[in-house]
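Colleague:
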Amino acid sequence: QIVIERNTAINEYWNGTGWDGTFTVSHWRNATNIYTSSWTYVDSNLNNYFNTLAGSLNFTVYTRARDTVGNVSKPDSAPSSGGVQFKMDRFAPVSKSTYPAYGSGSITYFNYPITNIAGTAIDSDAGSPSGLNQVYVRIRRFDSSGSSSRCDYDTTFGNWVNPPGAGWLEQSAGVLTNWIKSIPSSSFMGSNGGDCYNGIDKGDGFRFEIQSYARDNAQNTEVAYATATFIIDYSTPTAGIAFPVHLVTYFKRLQFRHNHGILQLDNFFLVPAREQSGDSRKFMGSGKVKRHIRFES
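Numbering (our numbering), first residue to last: 67 to 363.
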């Protein structure tokens, strides 16, 4: 016979269809398929209860032996010791990255190589969850143009290779709630020795995606991955002036907007600011408007 005890604020006992706060001898439930080597207890109502739990709870199972003439190994009263406790946890934990990008579809930009991936994880379902067991992370590289062609990370040599690569990597530092996966900075700079964009800089101009998942002690595994994105760009941008052409551009008429309206200038030569001196910054228009003008690029 067994007693199934639900460990909440008050101990409750399974009666075959529900839970009672007061123990009676009827809460000793008969096992089935009894042999000298094993026994089982089958209860469809209890199965349905476990499979529809809204949170995680602790339970304790007590057993006693009873023979055909009524001799029992434990009294009819509520058992208090010698039980086996177990936890029912149906819900997966949740994880996300926080560096180098936040795991909610965000995008960040870097002009230097990163040295780790960091994030958080939590097993927060109601009641008494089983707790975090491990966190895994993966990083994949894409062309920054948005191409679907991806490169996988090779942990052995720190290169980028055509799939399949290393896949999911186990958390290597920190605690499970604030996990870290260390990655050498050389994985994001220098010539790539892998076969995915071989010979090209490992980081410059590429888009990287990070995903993580957590697993709890009941082996519930997160499957809805949060994706974070970051882009590495080592290249310096350039800028130039195409028009007006330096020292050779003339205007017959030009309008400037300023605080008091529009200033109209006729027939003047535009002089670069670095070559201006004295009254070269003063221009007389065709009307009676005279203003002190400074041209800067």
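A virtual CB, placed ideally from N, CA and C, is assigned to each residue, including glycine.
With a 10 Å radius around its C-beta and 16 neighbouring C-beta atoms as the bar for buried, classify H93 as buried or exposed.
Modeller: H93 should be labelled buried.
Colleague: So, is A280 buried or exposed, given that buried needs 16 or more other C-beta atoms within 10 angstroms?
Modeller: Per the 10 Å Cβ criterion, buried.
Colleague: DSSP three-state call for F116: helix, strand or coil?
Modeller: Here F116 sits in helix by DSSP.
Colleague: Nearest-angstrom Cα distance between F89 and G149?
Modeller: Computed Cα separation, rounded: 16 Å.
Colleague: Within a Cβ cutoff of 8 Å, which residues of the same chain sit near Y291, ignoring the five residues on either side of it in sequence?
Modeller: For Y291, where only same-chain residues beyond five positions count, the Cβ hits under 8 Å are Q277, S278, Y279.
Colleague: Less than 8 Å between the CB atoms is what I'm expecting for Y165 and A184, so what's the real figure, rounded?
Modeller: 4 Å between Cβ atoms; contact.
Colleague: With R216 as the anchor, note down where its beta strand (DSSP E) starts and where it stops.
Modeller: Start and end: 216-220.
Colleague: Around the C-beta of D261, are 16 or more other C-beta atoms found within 10 angstroms, so that it is buried, or is it exposed?
Modeller: With fewer than 16 other Cβ atoms within 10 Å, it is exposed.
Colleague: Which residues bound the beta strand (DSSP E) around T295?
Modeller: Element bounds for T295: 293-298.
Colleague: In the structure shown, what three-state DSSP assignment does A75 receive?
Modeller: If DSSP states are grouped into helix, strand and coil, A75 belongs with coil.
Colleague: Considering only residues of the same chain and omitting the five flanking positions on each side of Y219, which have a CB-CB separation below 6 Å?
Modeller: Counting only Cβ-Cβ distances below 6 Å, and skipping sequence neighbours, we find I205, G231, A232.
Colleague: Which whole-angstrom value is the C-beta distance of S194 and K153, which I expect to be below 8 Å?
Modeller: Indeed, because the Cβ distance is near 6 Å, the residues count as touching under 8 Å.
Colleague: Going by beta-carbon coordinates alone, are I70 and R95 separated by less than 9 Å?
Modeller: Against a cut-off of 9 Å, the Cβ pair of R95 and I70 comes out as a contact.
Colleague: Helix, strand or coil: which one does DSSP assign to N225?
Modeller: N225: strand per DSSP, three-state reduction.
Colleague: Could you pull out every residue in the same chain whose Cβ sits closer than 7 Å to the Cβ of E236, ignoring the five residues on either side in sequence?
Modeller: Counting only Cβ-Cβ distances below 7 Å, and skipping sequence neighbours, we find Q200, Y202.
Colleague: How many Å lie between H312 and A305 at the Cα?
Modeller: Roughly 15 Å between the two C-alpha positions.
Colleague: Spatial neighbours of S252 within its chain, please: CB distance less than 7 Å, with the 5 preceding and 5 following residues excluded, ordered by chain position.
Modeller: These residues qualify, in order along the chain: G224.
Colleague: Taking only the alpha-carbon atoms, compute the straight-line gap between F296 and F274 and give it to the nearest angstrom.
Modeller: The alpha-carbon atoms of F296 and F274 are separated by roughly 5 Å.
Colleague: Is the beta carbon of R156 less than 9 Å from the beta carbon of L119?
Modeller: Yes, these two residues count as a Cβ contact at 9 Å.
Colleague: For S248, does the three-state DSSP call read helix, strand or coil?
Modeller: The answer is strand: DSSP assigns S248 an E or B state.
Colleague: Since E236 sits in a beta bridge, which residues does DSSP pair it with?
Modeller: Beta-bridge pairing links E236 to Y202.
Colleague: Tell me the rounded alpha-carbon separation between N286 and Y300.
Modeller: N286 and Y300: Cα-Cα distance of roughly 41 Å.
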